Structures are given as C-alpha cells and as structure tokens.
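S.K.: The sequence shown begins at 914 in this note's numbering and counts up by one. Glycine included, every Cβ here is placed at the ideal spot set by N, Cα and C. As the structure is a prediction and not an experimental result, all values here were calculated from the model. Could you have a look at this structure, given as structure tokens, before my questions?
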Amino acid sequence: MTLVCGCGLLREEVDAVVSFHGHFCVGLAIGIRVGEWVCREFGYSEDEELVSVVETDMCAVDAIQFLVGCTFGKGNLIFLDYGKNAYSFFRRSDGKNIRIAGRVVDGVGFVAKLLADLKERQRKIDAADIEGQNQIRKIMIERIMQTNFDNMFTIMPARIPIPEKARIHKSLPCEKCGELVMETRLQKNKKGKNICKECLLNEE
Ligand SMILES: [Zn+2]
Ligand SMILES: [Zn+2]
914 MTLVCGCGLL REEVDAVVSF HGHFCVGLAI GIRVGEWVCR EFGYSEDEEL VSVVETDMCA
974 VDAIQFLVGC TFGKGNLIFL DYGKNAYSFF RRSDGKNIRI AGRVVDGVGF VAKLLADLKE
1034 RQRKIDAADI EGQNQIRKIM IERIMQTNFD NMFTIMPARI PIPEKARIHK SLPCEKCGEL
1094 VMETRLQKNK KGKNICKECL LNEE
C-alpha cells in the first residue's frame, strides 16, 4: 500500500475516485486534493454531518462527493452556479467551516501557472496523437497531486451562513400538467394558478 505523494490517500482510494468519475483528469485531481484535505479536517459525512457548497459543477465536485460524503442525493451538496474553483464546507455539530478557493497569483490561477508549460507542449502535439496527449495529461495530474496544498488554494472562513438542513416537503399537483411537485417549488403564474417551473417556463 503506497500513499500518493503530496496527498494522504492510498493508491486504491484514488483509483476508487477515478472509477466513480469515469476518467482521471486535471479537474478530478483538484477535487481529490480538496476532498482529501477536508476529510482529514472535518471527517467523512456518513449522513448529513457536513454540508458542502460548491461554486462550480466541474469534474472536481465528483471527487468531493466521493471522498467527503457530501452528495447531491443526500442534499448536503449545494451547487451555486458561480463558475469558481471554490468549495465551502460546514460541520453541523460545532459550526466549523471553511472556504477553499483556487489561489490567484498576479491575476492568474496558480494551477494554470503550474501547468502552463505542459499546456504549451500539449498544443504542439497533434490532437489525433492520443498516446502523446495522455502522456501530457498524466504529467499534469502528477503535478496537481504533488503540489503543496497551500500553494494551490487560499483557505478562508466561509462567506455564507451554514445552509439549512434538507427537509422533506409534501408534493402537490401542478395545476397545468398535473404532475406532483414539491410544494416549495410551485410557482404562481399570471392567472394565479400554482404551476411547476417547467410549465411556467413554457408560458413565458
Ligand atoms: Zn473529468
Ligand atoms: Zn406542470
């Protein structure tokens, strides 16, 4: 059993994340680093002990779901469509929280800088040269896996209050399509009918 350098995970743990996601990419490597760090600091969320707010829907989020146990289905993973490489975590028992954001140096992302020479090499390789492309990607991933965490990320307190616990609501029928909708998601249309978001979009 060998630890993967720069990150406290075993090779087989990394393999498990990769098989969950489907491939090993730079984004997943970033998520593995965040997930491993958070799991060490906050523990793994079997149930809803932790809640995560992610500001991107990139590959990294799959590693976070797998390693931290904050998942879309459990309702303790909240997606904010901000397009930022940033992730907040909250522990319900004691309110401990953190926001981890990609570090920016002189207006450029540290990771982008870290990989700039490899990106350049990649550009020169023919897109059809799968072997060559894979080789470069592998080196990029190795670099992400081995770089000091504090160089890659800025760590700060969360900027938002701890999100409310996911609650179970009753479902009511949409007055247009008749399908059942969680009551908190029903919308009023111009005629004052309670309808689902899909029907509302079709009316606009
Ligand atoms: Zn990916
Ligand atoms: Zn409807």
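What do you get for Ser958, buried or exposed, if any count of 16 or more other CB atoms within 10 angstroms of its CB means buried?
M.R.: The residue in question, Ser958, is buried, as its Cβ has 16 or more Cβ neighbours within 10 Å.
S.K.: Taking three-plus beta-carbon pairs below 8 Å as touching, is the segment 1094-1112 in contact with the segment 1000-1020?
M.R.: Touching, no, given that fewer than three Cβ pairs across the two stretches are closer than 8 Å.
S.K.: Would you report the Cα separation of Cys972 and Cys1087, rounded to the nearest angstrom?
M.R.: Each residue's alpha carbon lies about 34 Å from the other.
S.K.: Which residues does DSSP pair with Asn1010 in a beta bridge?
M.R.: In the DSSP output, where bridge partners are listed per residue, Asn1010 has Phe1003.
S.K.: Can you tell me whether Gly948 sits near ligand 1, meaning its C-beta is under 7 Å from at least one heavy atom of the ligand?
M.R.: Incorrect: Gly948 has no Cβ contact closer than 7 Å to ligand 1.
S.K.: With a threshold of 7 Å (Cβ to nearest heavy atom), would Leu941 be considered close to ligand 1?
M.R.: Flag set: Cβ of Leu941 near ligand 1.
S.K.: Taking the C-alpha atoms as reference points, what is the distance between Ser1001 and Cys952?
M.R.: Cα-Cα distance, rounded: 13 Å.
S.K.: Ile1049 lies in the alpha helix (DSSP H); which residues open and close that run?
M.R.: Looking at the DSSP string, the run of the alpha helix (DSSP H) that includes Ile1049 is Ile1043 to Gln1059.
S.K.: Could you give the DSSP three-state label for Met914: helix, strand or coil?
M.R.: Because the pLDDT at Met914 is just 48, under 50, the model does not fix this residue reliably, and the value given afterwards should be weighed accordingly. Of the three classes helix, strand and coil, the one that applies to Met914 here is coil, per DSSP.
S.K.: Near Ile1068, what residues of its chain come up, given a Cβ to Cβ distance below 7 Å and the 5 sequence neighbours on each side ignored?
M.R.: Correct list, in chain order: Ile1011 and Ile1013.
S.K.: Pick from Glu1033, Phe1003, Glu1055 and Val964: whose alpha carbon is nearest that of Leu941?
M.R.: Out of Glu1033, Phe1003, Glu1055 and Val964, Glu1055 has the C-alpha closest to the C-alpha of Leu941.
S.K.: Could you please give the first and the last residue of the uninterrupted beta strand (DSSP E) stretch that includes Met1069?
M.R.: Unbroken beta strand (DSSP E) run through Met1069: Phe1066 to Met1069.
S.K.: Taking a contact to mean a Cβ-Cβ separation below 8 Å, would you say Cys983 touches Leu993 in this structure?
M.R.: Not closer than 8 Å, so no.
S.K.: Please report the distance separating the alpha-carbon of Val930 from that of Arg924.
M.R.: Roughly 10 Å separates the two Cα atoms.
S.K.: Can you name the residues that DSSP bridges to Lys1101?
M.R.: Partner(s): Asn1107.
S.K.: Quick check on Asn935: does DSSP put it in helix, strand or coil?
M.R.: What sits at residue 935 in the sequence shown is Gly, not Asn. Coil.
S.K.: According to DSSP, is Leu922 part of a helix, a strand, or is it coil?
M.R.: If DSSP states are grouped into helix, strand and coil, Leu922 belongs with coil.
S.K.: For Ile1075, I'd like the list of residues in its chain whose CB is within less than 8 Å of its CB, leaving aside the five on either flank, ordered along the chain.
M.R.: Once the five neighbours on either side are set aside, the close Cβ partners of Ile1075 are Val964, Phe1003, Arg1005, Gly1008 and Asn1010.
S.K.: With distances taken between CB atoms, is the gap from Ile1081 to Arg946 smaller than 8 Å?
M.R.: Not in contact: Ile1081 and Arg946 (Cβ atoms no closer than 8 Å).
S.K.: Rounded to whole angstroms, how far is the Cβ of Ala999 from the Cβ of Glu949, which I believe are closer than 8 Å?
M.R.: Actually they do not touch by this definition, with Cβ atoms about 17 Å apart.
S.K.: Per DSSP, Phe992 forms a beta bridge with which residues?
M.R.: In DSSP, Phe992 forms a bridge with Val967.
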